[in-house]
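J.: Below: one structure in structure tokens.
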Amino acid sequence: MSNLSLRERDAATIAQIGKLRFSPLSVIGGRGNRLIEEGGRSLLDLSGSAGPAVLGYGHPAIVEAVETSIRNMAGASLLLYPNEPAVSLAERLLAITPGEGERRVWFGHSGSDANDCAVRVLQAATGRSRFISFIGSYHGNLSGSMGISGHTAMTHTLPRPGVLLLPYPDPFRPNFSSEDVLALLDYQFETTCPPHQVAAVFIEPLMSDGGLIVPPPGFLKALQQRCRKHGIKIVVDEVKVGLARSGMMHCFQH
Numbered sequence: 230m231s232n233l234s235l236r237e238r239d240a241a242t243i244a245q246i247g248k249l250r251f252s253p254l255s256v257i258g259g260r261g262n263r264l265i266e267e268g269g270r271s272l273l274d275l276s277g278s279a280g281p282a283v284l285g286y287g288h289p290a291i292v293e294a295v296e297t298s299i300r301n302m303a304g305a306s307l308l309l310y311p312n313e314p315a316v317s318l319a320e321r322l323l324a325i326t327p328g329e330g331e332r333r334v335w336f337g338h339s340g341s342d343a344n345d346c347a348v349r350v351l352q353a354a355t356g357r358s359r360f361i362s363f364i365g366s367y368h369g370n371l372s373g374s375m376g377i378s379g380h381t382a383m384t385h386t387l388p389r390p391g392v393l394l395l396p397y398p399d400p401f402r403p404n405f406s407s408e409d410v411l412a413l414l415d416y417q418f419e420t421t422c423p424p425h426q427v428a429a430v431f432i433e434p435l436m437s438d439g440g441l442i443v444p445p446p447g448f449l450k451a452l453q454q455r456c457r458k459h460g461i462k463i464v465v466d467e468v469k470v471g472l473a474r475s476g477m478m479h480c481f482q483h
């Protein structure tokens with residue numbers, strides 16, 4: 230048994246890539262809505278493990294579902310054949326998601342690869358090569374999803390060619406109003422970013438890492454109207470704000 234603390238062992242063995250350590254907390258377990266730190270203290274977890282633990286830790290129903298899946302392994306390869314758990318989940322997801330017409334579910338591993346796949350699928354489906362995103366946005370840490378992100382932490386990565394970054398309107402720091410941003414978008418459409426070249430707009434309906442910004446009322450609706458007019462798809466990134474975290478199942482429903 231090592232005499233080093235968990236934090237010391239972490240520093241000695243795990244690369245510094247992707248570490249955002251805002252506190253000296255070292256975790257050895259979780260229970261319900263609490264984390265258990267190395268010294269045994271139980272702390273209320275307000276982070277949800279940066280998103281994934283929206284239902285907490287060790288819920289009996291989740292434990293039972295995971296154990297059943299491991300014993301069954303019916304979902305081992307959706308690539309090769311359909312399986313009951315995946316199809317049932319897709320059916321339930323479609324049932325709780327607003328929309329009309331033909332709709333499908335694609336299961337990724339994370340928000341990063343979901344957005345990365347969306348970029349490639351949208352290019353192929355639309356025949357268009359450009360995308361629009363927002364300054365401060367974070368859409369993932371794979372090459373494709375990093376290339377459409379506008380967060381300052383992404384500046385070490387070469388931006389994707391043809392991406393237009395717009396300001397995200399913030400009612401509490403009104404450098405750019407909704408009207409300003411929409412007017413800028415209209416101007417870009419008329420000049421350097423013709424709408425027929427744009428495959429999609431990527432947007433967080435509530436900006437997360439860029440400052441927990443709630444857009445002004447009416448902004449998303451006006452953006453949607455412009456996109457529909459020009460046949461531009463909208464990718465709503467709810468990795469951190471979906472699944473009822475905002476009070477509704479999907480944040481865009483607000």
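Sequence positions in the sequence shown follow the numbering used here and run 230 to 483.
Note that CB positions come from ideal geometry on N, CA and C, so glycine has one too.
Excluding the 5 residues flanking Ala429 on each side, which residues of the same chain have their C-beta closer than 7 Å to its C-beta?
T.: Counting only Cβ-Cβ distances below 7 Å, and skipping sequence neighbours, we find Leu351, Phe360, Ile461, Lys462, Ile463 and Val464.
J.: Is there contact here, the segment 409-427 with the segment 442-460, by at least three beta-carbon pairs under 8 Å?
T.: With a cut-off of 8 Å, the segment 442-460 and the segment 409-427 count as touching, because enough Cβ pairs lie within range.
J.: Would you call the CB atoms of Asp466 and Asn344 closer than 8 Å?
T.: Result yes, Cβ atoms of Asp466 and Asn344 sit closer than 8 Å.
J.: Checking the sheet assignment: what are the DSSP bridge partners for Glu266?
T.: Answer is Val256, bridged to Glu266.
J.: Once DSSP output is grouped into helix, strand and coil, what is the label at Tyr416?
T.: Helix at Tyr416.
J.: Among residues of its own chain, excluding the 5 on either side of Phe448, which ones have a beta-carbon nearer than 7 Å to its beta-carbon?
T.: These residues qualify, in order along the chain: Pro398 and Ser407.
J.: Using a threshold of 8 Å, state whether the C-beta atoms of Phe431 and Ser339 are closer than that.
T.: Not in contact: Phe431 and Ser339 (Cβ atoms no closer than 8 Å).
J.: In the DSSP assignment, what residue or residues form a beta bridge with Arg359?
T.: Val427, per the DSSP bridge assignment.
J.: Candidates Asn312, Gln245, Leu393 and Ile442: which alpha carbon is nearest Thr421's?
T.: Among Asn312, Gln245, Leu393 and Ile442, the Cα nearest to that of Thr421 is on Leu393.
J.: With a threshold of 7 Å (Cβ to nearest heavy atom), would Val316 be considered close to the ligand PLP?
T.: Ligands are entirely absent from the displayed structure, and the ligand PLP is therefore not among its contents.
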